[in-house]
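Enquirer: With the working numbering applied, the sequence shown covers 3 to 190. Backbone N, C-alpha and C fix where the C-beta goes; we use that ideal spot for every residue, glycine too. Mind looking over this structure? Questions follow.
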Amino acid sequence: AGSFFAAEIYVPLALQEIRGTSVALSGGVLTAATITWFAGSWLQGSHKLKYSRQQVLFAGVLLTCLGIALTPVAVFVPSSIMVAALVASVVWGIAAFGMGMCFPTLGVLMLDQSPDEEHARHSASLQMSDSFGVIIATALAGSVLALASVQQGIDSKTFITIWIFCVFVGLSALLFIPQIQRKATIHP
């Protein structure tokens, strides 16, 4: 979640500051992403989906990272402001769809692998670690923005650096999914 939220706050800012879009148009990108987040969440909970929770989590992380990685292309490559906002909506929608798959899946995996008497404590721990990850990733991304504004001013390279950082943060989550799978075999 840290990579997604740290990247998300800079999508409308880049569209407004670098591309010159209106607040309404740049905010529309985030609004469109809420629909795809819902779709990803619905899909992961569907009984028609025939994949393990770990596979759903893996796919969600990859989609989130793909969306973040394509964001600079969507925001800065199109020549038209309107096209940039539209393409950014689609690309950010991919990231949000992945988050919709990940967020509820983590909670279900945690409950599946926790003893009943530990559900409350583990739920609180999951929520705290998630919040902590968002805070740290957002603070580091904000530091890049602050440093750039003091040194040379904010430009497209500043946002690209932030989004690349967020991709690496997101991809680091893939290192932990095999550990979840390993623990899943211990607790039937």
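#1: Where THR187 and VAL110 are concerned, what is the direct C-alpha to C-alpha distance, given to the nearest angstrom?
#2: Using only alpha-carbon positions, find the residue among LEU177, LEU176, GLY172 that is nearest to ALA9.
#3: Does the beta-carbon distance from GLY42 to MET103 come in below 9 Å?
#4: Locate the alpha helix (DSSP H) running through ARG21, then write down its first and last residues.
#5: Distance, Cα to Cα, LEU27 vs PHE105?
#6: Tell me which same chain residues have a C-beta within less than 6 Å of the C-beta of PHE161, skipping the five on either side of it?
#7: Within 10 Å of its beta-carbon, does ALA148 have 16 or more other beta-carbons around it, so buried, or fewer, so exposed?
#8: Below 8 Å, can you find three or more Cβ-Cβ pairs linking the stretch 153 to 167 to the stretch 72 to 84?
#9: With three or more C-beta pairs closer than 8 Å as the rule, is the stretch 138 to 157 touching the stretch 112 to 122?
#10: Look at the Cβ atom of VAL169, then the Cβ atom of ILE70, and state whether they are nearer than 9 Å.
#11: Does the beta-carbon distance from SER91 to VAL25 come in below 9 Å?
Expert: The short version:
#1: On the sequence shown, residue 187 is found 185 positions in, with the first residue counted as 1. On the sequence shown, residue 110 is found 108 positions in, with the first residue counted as 1. Its pLDDT being 42, under 50, THR187 is placed unreliably by the model, and the measurement read from it follows with that caveat. Whole-angstrom Cα-Cα distance: 15 Å.
#2: The residue given as residue 9 occupies position 7 in the sequence shown. Nearest C-alpha to ALA9: GLY172.
#3: To locate residue 42, count along the sequence shown from 1; it is residue 40. To locate residue 103, count along the sequence shown from 1; it is residue 101. In contact: GLY42 and MET103 (Cβ atoms closer than 9 Å).
#4: Taking the sequence shown and counting its residues from 1, the one referred to as residue 21 is at position 19. Segment: none, ARG21 is in no alpha helix (DSSP H) and carries neither H nor E.
#5: Start at 1 with the first residue of the sequence shown, and residue 27 comes out as number 25. Start at 1 with the first residue of the sequence shown, and residue 105 comes out as number 103. Their backbone Cα atoms lie some 27 Å apart in a straight line.
#6: As a first step, residue 161 is located in the sequence shown; it is residue number 159 there, counting from the start. If we look at PHE161 and ignore the five residues flanking it on each side, its Cβ neighbours are TYR12, ALA16.
#7: What you label residue 148 is simply residue 146 of the sequence shown in a count that begins at 1. With fewer than 16 Cβ atoms within 10 Å of its Cβ, ALA148 is classed as exposed.
#8: yes
#9: no
#10: Counting from 1 along the sequence shown, the entry for residue 169 is found at position 167. Counting from 1 along the sequence shown, the entry for residue 70 is found at position 68. In this structure, ILE70 lies closer than 9 Å to VAL169 by Cβ.
#11: Here residue 91 is taken as the residue at index 89 of the sequence shown, counted from 1. Here residue 25 is taken as the residue at index 23 of the sequence shown, counted from 1. For SER91 and VAL25, no; Cβs fall outside 9 Å.
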